[in-house]
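Q:
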Amino acid sequence: MHINRVLSALLKINIQQELAYRTDTLINILTSAMWLGWELIGLSIIFSNTNSIGGWRAGDIIALLGVFRLVNTFMMMVVWPNTEKFNRGIREGSLDYTFLQPIDSQFMVSFSRIVIWNVWNLIIGVALIVAGLSMTSSTTSFAGVATFLLLTFSGGVVIYSLWVVLIALTFWFTKFDNNVTLMQALMDAGRYPATIYPTWLRVIITFIVPVALATTVPLQALRGELAWWQIALALLVSLLAFCVSRLVWKAGIKRYSGASS
Amino acid sequence: MLNIYKRFWQVNWAEQWQYRANLVMYLAYWMVMPIVYLAVWTTIAREQGSVNGLTANDFAAYYLTLLPVDIITSSIVIHVLAYKIQEGSISNELMQPVHPVLTNTLTNNVAFKALNLLVFVPLWLVLVLLFQPHFTYTWQSALLALPALAIGFFTRFLLDSCVTLVAFWTTRVWSIQQFNDAIGILLNGAFVPLALMPAWVQTIAQVLPYQLGASFPTLLLLNKLTPEQIALNYALGIFWVLALLGLFQFMWKRAIKQYSAVGA
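Going line by line, the protein sequences match chains A and B. For the first sequence, this note's numbering begins at 1 and goes up steadily by one. For the second sequence, this note's numbering begins at 262 and goes up steadily by one.
(1) Is there a Cβ of chain A sitting closer than 8 Å to that of A411 of chain B, yes or no?
(2) Report yes or no: is there a C-beta of chain B within less than 8 Å of the C-beta of R57 of chain A?
(3) Pop quiz: L169 of chain A and N179 of chain A are said to be a contact at Cβ under 8 Å. What is the actual Cβ separation, rounded to whole angstroms?
(4) In the DSSP assignment, the alpha helix (DSSP H) including I412 of chain B goes from what residue to what residue?
(5) Rounded to the nearest angstrom, what separates F142 of chain A and I231 of chain A at their Cα positions?
(6) Could you tell me whether any Cβ in chain B is nearer than 8 Å to the Cβ of M76 of chain A?
(7) CA-CA distance, L149 of chain A and H360 of chain B?
(8) At what residues does the alpha helix (DSSP H) containing N441 of chain B begin and finish?
(9) If F377 of chain B sits next to L288 of chain B, beta carbons under 8 Å apart, how far is it from one beta carbon to the other, in whole angstroms?
(10) What are the residues in the region 405 to 434 of chain B lying within 9 Å of chain A by C-beta distance?
(11) Which word fits M356 of chain B, buried or exposed, when buried means at least 16 other C-beta atoms lie within 10 angstroms of its C-beta?
(12) S350 of chain B bridges to which residues according to DSSP?
(13) Looking at C-beta atoms only, is the number of pairs between the region 143 to 163 of chain A and the region 217 to 230 of chain A that lie closer than 8 Å three or more?
(14) With distances taken between CB atoms, is the gap from D188 of chain A to V293 of chain B smaller than 8 Å?
(15) Consult DSSP for I53 of chain A and reduce its assignment to one of helix, strand or coil.
(16) Out of curiosity, what's the CA-to-CA distance linking L10 of chain A and A214 of chain A?
(17) Is there a C-beta anywhere in chain A that falls below 8 Å from the one on A289 of chain B?
(18) According to DSSP, is L486 of chain B helix, strand or coil?
(19) Run down chain B in chain order and give the residues with a C-beta less than 8 Å from the C-beta of M34 of chain A.
(20) Here's the rule: buried if 16 or more other CB atoms are within 10 angstroms of the residue's CB, otherwise exposed. What is Y97 of chain A?
(21) For T432 of chain B, I'd like the list of residues in its chain whose CB is within less than 8 Å of its CB, leaving aside the five on either flank, ordered along the chain.
(22) Residues of chain B with a CB under 7 Å from the CB of Y197 of chain A: which are they?
(23) Pick helix, strand or coil for L266 of chain A, following the three-state DSSP scheme.
(24) Where A227 of chain A and A234 of chain A are concerned, what is the direct C-alpha to C-alpha distance, given to the nearest angstrom?
(25) Can you pull the chain B neighbours of L182 of chain A, defined as C-beta to C-beta under 9 Å?
(26) Candidates B:N365, B:L508 and B:Y398: which alpha carbon is nearest L263 of chain B's?
(27) Using only the alpha-carbon positions, how far apart do G252 of chain A and F242 of chain A sit?
(28) Taking Cβ-Cβ distances shorter than 7 Å, what residues in chain B pair up with A189 of chain A?
(29) Just by C-beta distance, which residues in the region 140 to 173 of chain A are closer than 7 Å to chain B?
(30) Any C-beta of chain B sitting closer than 8 Å to the C-beta of G54 of chain A?
(31) If you run the structure through DSSP and keep just helix, strand and coil, what is V312 of chain B?
(32) Would you kindly work out how many angstroms separate the C-alpha atoms of R22 of chain A and N28 of chain A, rounded to a whole number?
(33) What do you get for G413 of chain B, buried or exposed, if any count of 16 or more other CB atoms within 10 angstroms of its CB means buried?
(34) Tell me the rounded alpha-carbon separation between G144 of chain A and G450 of chain B.
(35) Do you know whose CA, among A:V130, A:L239, A:M77 and A:I103, lies nearest E18 of chain A's CA?
(36) What does G42 of chain A reach in chain B if we use C-beta pairs closer than 7 Å?
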C-alpha cells in the first residue's frame, strides 16, 4: 500500500538519523532511566505514607504511570518533534514542499519526523503496565485487556485530533507559534488518576485537553469501573474528534499561503 | 557599578516584554506539577485525616506558598547562557569590561521573574479562592523570609550557572542539567514536604543547597520552623552562597582561558 511504503521509508530515514548520533541516543536512554527511577522513588515515598490514593493502590498507580508513559512517549516520539518542524515550516515557508508531495499533507505533517530512541520508553511503559497489573490482586479478563487497549488507542486519537486542530489554527493566526504549549503543560497531569483532582482540573484534563481520556479512562475500564455505554461514548467521541480535526485541517490548508507570498 | 546594573535592567526588562504572550503558557507549565502534587497529598490527607500530622489544609497552604517562592528563587540561566556559549555569541559579551553572567544574565533572570510575578499574582489569587487554604503567615515571618528568598535565589542562580559553565567543555550540558533538576525536585521539597521523607533523606536534603530555594523559605513563611532551625538554615544559606560563588569564579576563570569561539 502507498501509505505503508511511505511510512517504512520515513522510518528508515529516521533510524539513519538516530544512528548518526549514537552517543546522544545512549545519553537519552540513560536520562529517561533516571527519570523512571525518580518516578518510582516518588511513588515509594507516597506509598510509604498511605495504602491508596483515592481508592487506587500502588499497582494501579504504577499501571497508570505505564499508560501515561505510552501516551507521553507518543507525544515525544512523534507529536512534539513534528510540531517543531511544522512551526518552522510555517515561519520559513518550507511547508510548501510538503504540500507539493503527492501524499496526504496531514499524514506528512504528522509523521515525517519520528524520534526513534523513544522505542525504549514504549518498552518501559508496557513493562510498567504489566508490573502494575500483576501487583493488583484483581484478575484481568481478556475482554478487559482488549477494552483497555482500545480505549488507550482511542484516547490517543482524541489527543492527536486536538493537536491537529491546534496546529491547523496556525493557518488562520500565523503568529500562533506557541500553539501546543498549554497542551504540553497539561500532559503531566496524566500521571495520577483524574478522579483525585479538584473538579475544575478534572474538567480541563477530560474535556479541554483530554489527557485523562487516554490515561485514567482506559485503566478505569480495566478496573471494571465503567459501564458499557461509557466505553461506547469514549469511542464515539474519539471518532467524532478525528472527523472534526480532519475537516479543520482541510479548511486550514485552503488558507495556506507560503511565507512571504 | 550601580549604573551598569541599571542599564542592563532597562535592556533586559524591555527584552522580556517582547515575550509577554508566552507568559501565561509558561506559567501554566510551571503550575501544573505543584497542583498535581497538591491534589495527590490532599487526597491522601483527607482519606486518613492526616499524613504524619499534616492535614489537607497544611498541604494546600504549603504548595500554594511554594508556588510563588519557587518562581522568586527560580533561575533560567541555562536557557539564556548555554546556547550563547555553544554558538559563540558570548564572545561579544566577553569583550565588555563587566562580568557577563553576574551582570547581564543576572538582570535578565530578575527581569524575567518580575514580569512573571505580575502575571502570576492574579492566577495565584484564583488558586487561593479555589483551594481556600488557611495561611499561617505573620508579618514577622514575612520579614524573616525576605533574606531567605534572596539566599534561595542566589544559591539556585549560582548552582545553575556552574552547571551551565560546563557548556564550555562539553555539549552535553543539558543532560547534566536534567540530572541536577531531578535531584533538585526530589530534595528541595517541591515534590513532597521534606518532613514526609525518610529521616536519612531529610538529613541529606537539609545539608544540600536545593532546599534553600524552596522548602526553607516556604516553611519560614508558614511559621513552621523553630528559631534554631531558622538560624541553621541561614548559616547553611550563607555558606552555600559563598561556596557556590567561589566555585563559579573558579570555573569561570578556567572556562574563558580555554574558550575559543566557533570558527576561531
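A virtual CB, placed ideally from N, CA and C, is assigned to each residue, including glycine. As the structure is a computational prediction, the values presented were derived from the model and not from experiment.
A: So, from the listed chains and residues:
(1) no
(2) no
(3) 6 Å
(4) W400 to L426
(5) 16 Å
(6) no
(7) 57 Å
(8) V434 to L448
(9) It is worth fixing the name first, because residue 377 of chain B is Asn in this sequence and not Phe. Right, the Cβ-Cβ distance comes to about 7 Å (below 8 Å), so this counts as a contact.
(10) R433
(11) exposed
(12) Answer by DSSP bridge pairing: none, since S350 of chain B is not bridged.
(13) yes
(14) yes
(15) strand
(16) 26 Å
(17) yes
(18) coil
(19) Q439, F440 and A443
(20) exposed
(21) Q347
(22) A300
(23) Residue 266 of chain A lies beyond the range of chain A shown here (1 to 261); nothing can be said about it.
(24) 11 Å
(25) V285, M286, A289 and Y290
(26) B:N365
(27) 15 Å
(28) V293 and V297
(29) none
(30) yes
(31) strand
(32) 10 Å
(33) buried
(34) 39 Å
(35) A:M77
(36) F452
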